[in-house]
Structures are given as C-alpha cells and as structure tokens.
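Counting from 658, one number per residue, gives the positions in the sequence shown under my numbering. Backbone N, C-alpha and C define an ideal beta-carbon position, used for all residues, glycine too. Given the structure is predicted, the values throughout are model-derived calculations rather than measurements.
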Amino acid sequence: MMNSVHSRRAMTFVELLAVLVILGLVAGVFTISIAGRFNKSKRELAKSQIGLIDGQVQTYYTQMSQWPPADRGLSVLTAPDASPSDAYFVTQDQLKDPWGNPFYIIVPGPEGHPYELVSYGADGQPGGTEANADLSSLRLRE
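Written as structure tokens, this is what we have:
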C-alpha cells in the first residue's frame, strides 16, 4: 500500500514537470512572435520618420537654396525659437529613430544624390540584418 501512494506522488510530480515544460515552450514561442512584430512596427515607424525628415530637408533646401551643411547635419532643422513660418523646423525628438538613435544625413549622398538620410537600425551601427539593418531614404524612394 505504501508503494502505491509513493508511485502516485511520483507520477503527479512528473505530470507537473511536463506541464511546466509545455508552458515554457508556449511562452517562448509567444515571446519570439511578439518581438518580431514589435521590431517590424518600429522599422515601419522609422520609415515614416525618414519620410517626414526628408520633406523637411526639401523645404530647407527650397528656403535656403542649399542642403544642410555636412558639418551641422540635421541639427539645422531644429531651433528653439522656430516659428510657424519656419516650416522646415522639427523637434530634437523627431530626429531620433524608434530605438532612440539619431538619424543621420550624408551630404553629398552616394551615386550623385545630393544627400541621404539614414537610420542605423536597432543597434545604431552601420550594417546589420533584420532589426539591426540600416534604413536609407534612397532605398525607400525606390
């Protein structure tokens, strides 16, 4: 009789371990799925921000008859005293991608383009794949 009670307890413990393993696997798959969607939405937001900044750079060029100087970068688009007539001005927050890294402007741009706007992705470093891949205004226009 003692053996049957002990066997029943051991079986319950094994069942509990099996349930915990299954729950862990389900949670892992769910987390990976959510993280992938989260990164994709951040990339889409960064593309939209590049489009907004691109428009502001174009407006700057129209008003100033020059592209933002390479030594000042996108900082020329920000000003604490910007008025509504200064249509090309943006806030410092708008010059950061969804990962909190700055957008960059390369003047002149590659292949004869006057400039290129770049986000270096989640890691903030040139190159990379998936969430770390660079986003470029030139590739977004293609």
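| query | result |
| --- | --- |
| Enclosing beta strand (DSSP E) for Tyr-761 [first to last residue] | 761 to 763 |
| Contained beta strand (DSSP E) runs [length at least 3] in the region 744 to 799, N- to C-terminal order | 761 to 763 and 773 to 776 |
| Alpha-carbon spacing of Asp-754 relative to Glu-672, whole angstroms | 47 Å |
| Cα-Cα separation, Leu-709 to Ala-779 | 19 Å |
| 9 Å Cβ cutoff met for Asp-711 and Leu-774 | yes |
| For Thr-735, the three-state DSSP class (helix, strand or coil) | coil |
| Distance between Ser-698 and Pro-726 (C-alpha atoms, nearest Å) | 31 Å |
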